[in-house]
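Position 276, counted from 1, in the sequence shown is what my numbering calls 261; the numbers after and before it change by one each time, with no gaps.
Note that CB positions come from ideal geometry on N, CA and C, so glycine has one too.
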Amino acid sequence: MKTWFRCCRRVRNWTKLAITEAIILGFQHYLLTLGITVLIPSIIVPQMGGGNTEKAAVIQNLLFVSGLSTLFQSFFGTRLPIVVVGSYAYLIPVTSIIQASRYTSYSDPYERFVRTMRGIQGALIGAAFFQCTIGFLGLWRNAVRFLSPLSVVPYVTFTGLGLYHLGFPMLAKCVEVGLPGIILMVFISQFLPRYLESKRSLCGRFSILFSVSITWLFAQLLTSTTVYKHKPENTQISCRTDRAGLISTAPWIYLPYPFQWGSPTFNAGDAIVMMAPAFVSLFESTGTFFAAARYGSATPVPPSVISRGAGWLGIGVLLNGCLGSVTGNTASVENVGLLALTRVGSRRVIQISAGFMIFFSIFAKFGAFFASVPLPIVAAVYCVLFSFVSSAGLSFLQFCNLNSFKTKFILGFSFFMGLSVPQYFREYFHGGWRSAHPTGLFSDIVVVIFMSHTTVAALVALFFDLTLCRENDESRKDIGLNWWEKFSFYKSDVRNDEFYALPFRLNKLFPSI
């Protein structure tokens, strides 16, 4: 049991962490949120007919809701040191709404943007009620209780590994900027402490700040020269620091407010399809919760706490729908990787980062400055941080018997299918096949669910775990279930109150089971 708590130094007392250091650490967490926060609107808004002004507004809305959702999660959700960001899983149903004939018929781009935005908002609001119902009514709690350390291994591992498309493929869009970024990141965080032993914590804790700043300055130097003058447009967008179109269009002060583009429009088919990414985000967020508890030196997350966190994620999706953020939300994988890199699992640091999100979403011009960091630099950071989350899943192997052939089969088969099945849907269904054939409600739901590496790997592992490894005490011991079962109920471990109890004595009004 001691090995569980040996992972990360968790700062439990605010006075143990210097205020200045906590602010810098919180700013690092804020910087990490900018990658996905900028990427999703940059993909979606131009398809809707919006320009840089609309893109800047959507980014500010998404950042504002991410800050609020992070605060809600840290106070009333799981209470783990996690950050809530936009979810990549919502791209497929959102794209289907954009391509619907009822919106493409508008000739005026801005009118098409407004109409499409209102349709997306209505679908997100419908998905939010679905996610809140699953979370707050305890349905997700009952499902999570079937997990064991064996099924958690591929579950958490693919939470990080399944985001490989946001790593080197995005970095390679500008190798001359991204490659120095990943080299600097690895050198500062892993090799430099060997030569500066007295500064070990400084190198590890602030390696993102150092590497991103240096690489960003290098990108600015390349931009100010004529290196990209005759390069293709896509290369210039990825590499240059002045092509995001955010600084010039963002207002100095921007206050997000609900329904600024009009009342949402509701379509039953769109709402049903949008429930699929909400379901997928539950899977992905749960894996992130387990990794955050691992690196935050907390006890394994009780199922009732996970379900509570899932419900508050639904509240975040509702806010996204009301403010017009074009996507739902999920627990940030990269920020959990930062917990491992800095070895500081402080809830206060995460709340400070939420403050930065809200501040820079309102003072939009300053926020746009930091959001103009080229995405290949962010991808270089992702390559390191996603690997930490993947290794958190592998660490659960210590509770399993690796000499058992059943264990080997379940691990190998779930890993293989977790890679192979999403690849099929990505290449043949979502790619050439989908472009040549009309798609409907059912096909979009299937694509969203089975393109998620985490969802496929978790479902395969859980199925064989339940059918092959629960027959006798020896099999249950092989998958670590004898140790794991005591964490299935909140009150079975007295330490759970220290990590997961609600503030202001709310546990008495909303007791965890």
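With 16 other Cβ atoms within 10 Å as the buried cut-off, status of residue i
i, result
"TYR242", "exposed"
"SER248", "exposed"
"GLY166", "buried"
"ILE168", "exposed"
"PRO154", "exposed"
"VAL212", "exposed"
"HIS150", "exposed"
"HIS14", "buried"
"SER233", "exposed"
"LEU16", "buried"
"ALA3", "exposed"
"TYR140", "buried"
"PHE354", "exposed"
"TYR75", "buried"
"PHE500", "With the chain covering only -14 through 498, there is no way to say anything about residue 500."
"PHE371", "buried"
"LEU487", "buried"
"GLY397", "exposed"
"ASP482", "exposed"
"THR392", "buried"
"VAL433", "buried"
"ASN314", "buried"
"LEU387", "exposed"
"THR210", "exposed"
"TYR485", "buried"
For residue j and residue i, the rounded distance between their alpha carbons
i, j, result
"THR18", "VAL43", "15 Å"
"ILE199", "VAL369", "17 Å"
"CYS385", "SER376", "15 Å"
"PHE61", "ALA316", "15 Å"
"ARG228", "GLU269", "32 Å"
"LYS476", "ILE21", "37 Å"
"ALA512", "THR38", "Since the first residue of the chain shown is -14 and the last is 498, residue 512 is not available in this structure."
"VAL197", "LEU206", "14 Å"
"ALA365", "ARG490", "42 Å"
"VAL479", "ALA85", "53 Å"
"THR89", "GLY34", "10 Å"
"ILE77", "MET436", "10 Å"
"THR574", "SER266", "The structure shown does not extend to residue 574, since the chain is modelled only from -14 to 498, so the question has no answer here."
"ALA7", "THR452", "47 Å"
"THR63", "GLY294", "5 Å"
"ASN492", "LEU177", "45 Å"
"PHE344", "VAL70", "16 Å"
"PHE12", "VAL374", "20 Å"
"GLU218", "PHE410", "29 Å"
"ILE193", "GLY322", "11 Å"
"PHE394", "GLN383", "17 Å"
"GLY309", "GLY107", "10 Å"
Cβ neighbours of residue i in the same chain (closer than 6 Å, five flanking residues each side left out)
i, result
"ARG(-5)", "Per-residue confidence for ARG(-5) stands at a pLDDT of 48, beneath the threshold of 50, marking its modelled position as unreliable; no derived number is given."
"HIS438", "PHE143, GLY147, GLY403 and PRO407"
"GLN32", "ILE83"
"ALA41", "LEU231, THR234 and ALA235"
"MET260", "ALA112 and PHE115"
"GLY378", "VAL138, VAL141 and THR142"
"ILE119", "TRP125"
"PHE474", "none"
"PRO94", "GLY34"
"CYS188", "ILE173, LEU177 and PRO178"
Residues near residue i in its chain [Cβ-Cβ closer than 7 Å; skip 5 each side]
i, result
"VAL99", "TRP246 and GLY247"
"VAL79", "ILE29, ILE105, VAL311 and THR312"
"ILE257", "LEU426"
"SER380", "ARG279"
"PRO26", "LYS40, VAL43, ILE44, LEU47 and VAL311"
"TYR441", "One point to set straight first is that residue 441 is Val, not Tyr, in the sequence displayed. These residues qualify, in order along the chain: MET402, GLY403, VAL406, PRO407 and PHE435."
"ASP450", "SER133, LEU135, SER136, ILE395 and ILE464"
Cβ-based neighbour list, residue i, same chain, cut-off 8 Å, excluding 5 preceding and 5 following
i, result
"VAL171", "VAL369"
"TRP201", "THR226, VAL358, PRO359 and ILE362"
"ARG455", "ARG461 and LEU466"
"GLY254", "LEU426"
"TYR91", "GLY34, ARG97 and ARG100"
"VAL129", "THR271, PRO288, ILE291 and SER292"
"GLY152", "ALA364, TYR367, CYS368 and PHE371"
"LEU303", "LEU109, ILE110, ALA113, PHE114 and CYS117"
*Any chance the stretch 347 to 357 sits against the stretch 224 to 238, with 3 or more Cβ pairs inside 8 Å?*
yes
*Identify every run of the alpha helix (DSSP H) within the stretch 292 to 347, keeping only runs that are complete inside it and at least 4 residues long; order them along the chain.*
318 to 327 and 332 to 347
*Identify every run of the alpha helix (DSSP H) within the stretch 195 to 278, keeping only runs that are complete inside it and at least 4 residues long; order them along the chain.*
218 to 224
*Is the stretch 44 to 58 touching the stretch 333 to 346, taking contact as three or more C-beta pairs under 8 Å?*
yes
*With a cut-off of 8 Å, do at least 3 Cβ pairs link the stretch 465 to 476 to the stretch 129 to 137?*
yes
*asked:* At 3 residues or longer, what runs of the beta strand (DSSP E) sit wholly inside the stretch 85 to 144?
replied: none
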